[in-house]
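Q: Take this structure first; my questions come after.
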Amino acid sequence: PETIYLKDYTPFGWQVSDVHLTFRLAPKSTRVISKIHFAPNPEAPAQEFFLHGEDLKLIRATIDGVEVTPEVTPEGLRCAVPDGPFLWEAEVEIAPEDNTALEGLYMSSGMYCTQCEAEGFRKITYYPDRPDVMSVFSVRIEGDLPVLLSNGNSVDRGEGWAEWHDPWPKPAYLFALVAGDLVNFPDRFTTRSGKEVKLNIWVRPGDEGKCAFGMEALKTSMKWDEDAYGREYDLDVFNIVAVDDFNMGAMENKGLNIFNSSCVLASPETSTDGNFERIEAIIAHEYFHNWTGNRITCRDWFQLCLKEGLTVFRDQQFTADVRSAPVARIENVAQLRARQFPEDQGPLSHPVRPESFQEINNFYTATVYEKGAEVIGMLKTLVGDEAYATALNLYFDRHDGDAATIEDWLKVFEDATGRDLTQFKRWYSQAGTPRVEVTEDWADGTYALTFKQHTPPTPGQEVKEPQVIPMAVGLLNPNGDEVVPTRVLEITEAEQTFTFDGLASRPVPSINRGFSAPVVLDRASSREERAFLLAHDTDPFNRWEASRLLARESLIAMICEDAGPDEAWLDGLERLLRDRDLDPAYRAMMMGTPTESELAQVLFERGHTPDPDAIHAAKEVLAQVKAERWADLLPGLAAEGTVDAPFAPDAEQSGKRALGAAVLALTSRLDGGKAARAQFASADNMTLQLSALAQIIRVGEDAEALAAFEDQWRHDRLVMDKWFGLQVGATAPENVVPRAEALTRHADFDWKNPNRFRAVMGALAMNHAGFHRKDGSGYRLLTDWLIKLDDLNPQTTARMTSAFQTWKRYDAERQALMRAELERLQAKPKLSRDTGEMVARILG
Ligand code: HT7
Ligand code: ZN
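Residues in the sequence shown are numbered from 6 upward in steps of one, following the UniProt record's numbering.
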């Protein structure tokens, strides 16, 4: 397959002033008639006229009304065209019902819908399917269905047809069409300039009762973007549609967002607090794309982080504002460490702005999204809040209507602040997680911190240059008072020292406060010092970090030295858990321990071969010790974790329930699951029901509860996804593979539905000790199913191959087993480009 390079970018030879599309919908034979005005692009070099097109049956094509016979290839068509402007007309036929890849126009539960990002529009009609070609779209849909939707504003409609016009020029990847038997949940929003906007969430009949939360989240997002960024909505209507079969979370098509139903539908009975929080964030994210992504889009797909990093950063700011900022920050960092760090530290490592790809779908990664957001957070920290606001205003003014680049983005900051961002730009081009070694010195009232930065080699990048690292640091007195409040040290050299004068006693440093830079800190700090920070740090992130490090070191000592759990840490943690002034959500987070996968990575870095069974066993012992040690504390915490008011998915109640769930996880180790069974029986919301079911599964005698849950929820696809996933994810390692395998034989294992496939196979891959069974059965089962899915849905298959990205961490036997499975997948006849690229990169 062809590799595409950033350095080869060339503008398209023509501009497209307007596009008119007519769809005559039919499951096996939809006709798409396009009328497109092309005019030579004065800024582009001379080139042959090439339009992308895949899996299309060309019925006819004309130029200025004269029939033409283009040269058609599997990737598109070439045609001789006039020197000046011309009208291109074409009619193609496609079969949405046969489209199992869920890219382009496809069908889900009888409804037509589209997914065009990144390169799906070329499966709808012949077109220059690239983000720098922006045009005004008019769409006519003809089909015997009650609801016919496309982008922009409604122009007119009648029985069996509807016309839409989107006045904002857009690239083809933002095109959308939906047609089906849908009902809407309507509302309105008045923008700050007084414009009335109609809002709708369109769902399958029966799902109307699950739209209220999403609608509130949408209105809150619209208001937030006005207040925080001065961005107003720009069409008469904003439609959201829920779709059951969807490859990712949601899609920001202009004026017509399409959502995986799991990311928009919510009710207390069927959704957990985690679901509510995620839905709120995704609705905000997609809405925020209206400016960061749609009004200003990307010149090419290498610039993906321009819209995704910024939009994730904005949705994280939103969540911090509408929920608890410290809890949100801890969640984001935990997520970054769990998803992005393994990517950046393994064979799939790539820069936030990649320089080449074979299949762009493989670069919708945690690095582009989450690290991309961290890079923007660092930029904001470096320039300050006010300058960030000025720069963003300049960005919107200067680039509205553009297909922009990272260079454009950084130039805006340079112009707004006068800073030179040449070195900062390395965050976009250098892959890998920087490691920062910290040493300190103390003499005569002066405290010195020395930072040495080093980024390990990554595929294709052996040598790295120093990056700009904004390191937020505070200093505490031995009595716990803060002597130096948070200060941002700007590290630019490979090694750099910063001094603090006039101190009465040697301070305790709190470094990388708020996780101001996405780096790994290497610092030999004592247990006492960590316990001190756990007790006294004024930075809530670093207080949590102190506990995380104590937990991690305690577990490593348990695994490697057969030590018992760290008593001092448990005492410190207990004091904190007893502090009723601390937010229950924060205390619940404090009760968490590092994931088994993270422990495996740390062991690997320290030269040990991680044993998944030993890691799992240590975590089990630690949990048991906590439960026994805190037996007297748990009932009080459980009471604090109980909500007496009617269910609300807000931060306060969900924080309490999170504390309740953390307590239940310990209590069930003392009572054999009795409290969990009682909670399961009486639960009136999914958060309580599912946290109880998780403990029942973990304890082991779960057949009755699983059957009851299935009976209760078999009619609800989204809830059944939880049922499928949890019994694989929460069970003991030895049961994971047999259970996952048995579930693939369940009548409701609809493996063509990405949510259901991910529920089982994702849970298998995420259950560390279960997936890494020594006999290789976990690897085998996953590969069997990836081989099966690849023909139908390459995008989802390719994404799931990343379960193998950490294969080099493990022992020789496991490595050999994983390599064999990757090679088996690689040898599959007609392996997709998506999966082929991923497997080749993972094998290295
Ligand atoms: N911009 C979107 C990314 C995306 C996607 C979404 C759904 C299905 C397939 C997709 N391919 C790319 C989603 C977002 O980041 O907001
Ligand atoms: Zn996005």
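Note that CB positions come from ideal geometry on N, CA and C, so glycine has one too.
Which residue's Cα is closest to the Cα of residue 738: 534, 777, 729 and 721?
A: Of the listed residues, the one whose Cα sits closest to residue 738 is 777.
Q: Who are the near neighbours of residue 579 in its chain, counting only those whose CB is closer than 7 Å to its CB and skipping five residues on each side?
A: Hits under 7 Å: 635 and 638.
Q: To the nearest angstrom, how far is the alpha carbon of residue 55 from that of residue 83?
A: Roughly 5 Å separates the two Cα atoms.
Q: Along the chain, where does the alpha helix (DSSP H) that runs through residue 740 open and close?
A: It spans 738 to 749 - the alpha helix (DSSP H) in which residue 740 sits, taken as one unbroken run.
Q: Does the pairing of the region 334 to 352 with the region 601 to 611 give three or more beta-carbon distances under 8 Å?
A: Result yes; three or more Cβ-Cβ pairs closer than 8 Å.
Q: Go ahead and pull the three-state DSSP assignment for residue 114.
A: Coil.
Q: State yes or no: is the C-beta of residue 316 nearer than 7 Å to some heavy atom of the ligand ZN?
A: Indeed, a heavy atom of the ligand ZN lies less than 7 Å from the Cβ.
Q: Rounding to the nearest angstrom, what Cα-Cα distance links residue 571 and residue 619 in this structure?
A: About 18 Å.
Q: According to DSSP, is residue 25 helix, strand or coil?
A: Reduced to three states, the DSSP call for residue 25 is strand.
Q: I think residue 117 touches residue 185, with their Cβ atoms under 8 Å apart; what is that distance to the nearest whole Å?
A: Their Cβ separation, rounded to whole angstroms, is 6 Å, which keeps residue 117 and residue 185 in contact under 8 Å.
Q: Can you find at least 3 beta carbon pairs, one from the region 417 to 426 and one from the region 455 to 462, that sit closer than 8 Å?
A: With a cut-off of 8 Å, the region 455 to 462 and the region 417 to 426 do not count as touching, because too few Cβ pairs lie within range.
Q: If you measure from the CB of residue 294, is any heavy atom of the ligand ZN nearer than 7 Å?
A: Flag set: Cβ of residue 294 near the ligand ZN.
Q: Please determine, among 672, 401 and 614, the residue with the shortest C-alpha to C-alpha distance to residue 699.
A: Nearest C-alpha to residue 699: 672.
Q: Mind checking whether the beta-carbon of residue 257 lies closer than 7 Å to any heavy atom of the ligand ZN?
A: Residue 257: yes, Cβ under 7 Å from the ligand ZN.
Q: Jot down the residue ranges of each uninterrupted beta strand (DSSP E) in the region 11 to 69, minimum 3 residues, whole runs only, in chain order.
A: Fully enclosed beta strand (DSSP E) runs of 3 or longer: 19 to 29, 35 to 45, 54 to 57 and 62 to 68.
Q: With three or more beta-carbon pairs closer than 8 Å as the criterion, would you say the region 284 to 298 touches the region 216 to 232?
A: Because the criterion of three Cβ pairs below 8 Å is met, the region 284 to 298 and the region 216 to 232 touch.
Q: Identify which residue in 140, 130 and 553 has its Cα closest to the Cα of residue 60.
A: The shortest Cα separation from residue 60 among 140, 130 and 553 belongs to 130.
Q: Based on the DSSP secondary-structure assignment, which residues constitute the bridge partners of residue 456?
A: Paired residue(s): 443 and 501.
Q: Would you report the Cα separation of residue 133 and residue 406, rounded to the nearest angstrom?
A: Going by the C-alpha atoms only, they are around 18 Å apart.
Q: Helix, strand or coil for residue 876? Go by DSSP, reduced to three states.
A: Outside the shown range of the chain (6 to 849) lies residue 876, about which nothing can therefore be said.
Q: Going by C-alpha distance, which of 614, 669 and 581 is nearest residue 813?
A: Residue 614 is the option with its Cα nearest to residue 813.
Q: What's the call for residue 515, buried or exposed, on a 16-neighbour Cβ count within 10 Å?
A: Label assigned to residue 515: buried.
Q: I'd like to confirm something about residue 313: is its beta-carbon nearer than 7 Å to some heavy atom of the ligand ZN, or not?
A: Yes, the beta carbon of residue 313 sits closer than 7 Å to at least one heavy atom of the ligand ZN.
Q: Tell me residue 801's beta-bridge partners as DSSP assigns them.
A: For residue 801, which the question treats as bridged, DSSP gives no partner whatsoever.
Q: Could you check whether the region 322 to 341 touches the region 86 to 103, counting it as contact only if at least three pairs of C-beta atoms, one from each stretch, sit closer than 8 Å?
A: With the cut-off at 8 Å, the region 322 to 341 and the region 86 to 103 do not touch.
Q: Report yes if the C-beta distance between residue 365 and residue 315 is below 8 Å; otherwise report no.
A: For residue 365 and residue 315, no; Cβs fall outside 8 Å.
Q: What would DSSP say about residue 163, mapped onto helix, strand or coil?
A: It is a strand residue.
Q: Please name the residue in 468, 555 and 511 whose C-alpha comes closest to that of residue 488.
A: Nearest option by C-alpha distance: 511.
Q: Looking at residue 183 and residue 245, is the spacing between their C-beta atoms short of 8 Å?
A: No, they are not a contact pair.
Q: Return the first residue and the last residue of the beta strand (DSSP E) that residue 126 is part of.
A: Here residue 126 belongs to no beta strand (DSSP E), and DSSP marks it neither H nor E.
Q: Thinking residue 759 and residue 251 are a contact (beta carbons under 8 Å), I'd like their distance in whole angstroms, please.
A: At roughly 7 Å, the Cβ-Cβ gap stays under 8 Å, so residue 759 and residue 251 are in contact.
Q: If we call anything under 8 Å between Cβ atoms a contact, is residue 730 one with residue 681?
A: Taking 8 Å as the Cβ cut-off, residue 730 and residue 681 do not qualify as a contacting pair.
Q: Do the CB positions of residue 94 and residue 66 come within less than 8 Å of each other?
A: Yes. Within cutoff.
Q: Taking only three categories from DSSP, how would you classify residue 635?
A: Residue 635 falls in the coil class under three-state DSSP.
Q: Per DSSP, residue 247 forms a beta bridge with which residues?
A: In DSSP, residue 247 forms a bridge with 264.
Q: Looking at the ligand HT7, does it come within less than 7 Å of residue 291, judged from the CB to the closest heavy atom?
A: Yes, since a heavy atom of the ligand HT7 falls inside the 7 Å radius drawn around the Cβ of residue 291.
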